[in-house]
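First up is the structure itself, then whatever we jot down about it.
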Amino acid sequence: YFNVFGPRQDPEGAYAAVVPKWIAALLAGEKVYINGDGETSRDFCYIENVVQINLLAATTDNPEAVNQVYNVAVGDQTTLNQLYEALRVNLAELYPHLVEAKPIYRDFRGGDVRHSLADISKSKSLLGYAPQYRIGEGLKEAMTWYVENN
Numbered sequence: 329y330f331n332v333f334g335p336r337q338d339p340e341g342a343y344a345a346v347v348p349k350w351i352a353a354l355l356a357g358e359k360v361y362i363n364g365d366g367e368t369s370r371d372f373c374y375i376e377n378v379v380q381i382n383l384l385a386a387t388t389d390n391p392e393a394v395n396q397v398y399n400v401a402v403g404d405q406t407t408l409n410q411l412y413e414a415l416r417v418n419l420a421e422l423y424p425h426l427v428e429a430k431p432i433y434r435d436f437r438g439g440d441v442r443h444s445l446a447d448i449s450k451s452k453s454l455l456g457y458a459p460q461y462r463i464g465e466g467l468k469e470a471m472t473w474y475v476e477n478n
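In the numbering used here, the protein residues as written are 329 to 478.
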């Protein structure tokens, strides 16, 4: 599972994912920290895509698809700078103080992977998987939930 995000993720947990953590920080007027230059990229996968591929794998009639290992992702790269900007721009529509919000860059963390991009070709060919949510749609769904439940 590659960088899964969506509603109800705890932004305060020890292993909090970047999406809920940054949404919570922006909504609270707190600083957002980016490790490195922000050009680190990830394959962010909205939770509905995870549900979709798990159901496809559990209900497949394709004998070649059984007992396989699949990458659960979208197959797109998004940099941390792009992620921050998408969150800031969308949330600024509701919270005008975010129009000028800037992240704070700090040193890379040791051991961080610079780029992560899933190959989902096997999921597509054997399961008929086609992600329904790209990063933009997933972020809007997640942000809506966090705003309504903040």
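Just so it is clear, CB atoms sit at the ideal spot from N, CA and C, and this is done for glycine as well. Keep in mind the model is a prediction, meaning the values are calculated, not measured.
For my contact list, T387 and V394 are in at a C-beta cut-off of 8 Å; report their separation, rounded to the angstrom. Reading the sequence shown from its first residue, position 59 is the one you call residue 387. Reading the sequence shown from its first residue, position 66 is the one you call residue 394. In this structure T387 is not in contact with V394, their Cβ atoms being roughly 11 Å apart against a cut-off of 8 Å.
Could you check the C-alpha separation between L455 and L384 for me, to the nearest Å? Indexing the sequence shown from 1 puts residue 455 at position 127. Indexing the sequence shown from 1 puts residue 384 at position 56. Near 6 Å, if we compare the C-alpha coordinates of L384 and L455.
Enumerate in chain order the residues of its own chain whose CB-to-CB distance from L422 is below 7 Å, with the five nearest sequence positions on each side excluded. Translated into positions along the sequence shown, residue 422 becomes position 94. Cβ within range, chain order: V475.
Contacting residues, own chain, Cβ-Cβ under 6 Å from Y374 (five flanking each side not counted): Translated into positions along the sequence shown, residue 374 becomes position 46. The residues are G334, Y461 and G466.
Can you give me the start and stop residues for the alpha helix (DSSP H) that I513 sits inside? The structure shown does not extend to residue 513, since the chain is modelled only from 329 to 478, so the question has no answer here.
Please say whether M471 and N418 have beta carbons closer to each other than 8 Å? On the sequence shown, residue 418 is found 90 positions in, with the first residue counted as 1. On the sequence shown, residue 471 is found 143 positions in, with the first residue counted as 1. Yes, the Cβ-Cβ distance between N418 and M471 is below 8 Å.
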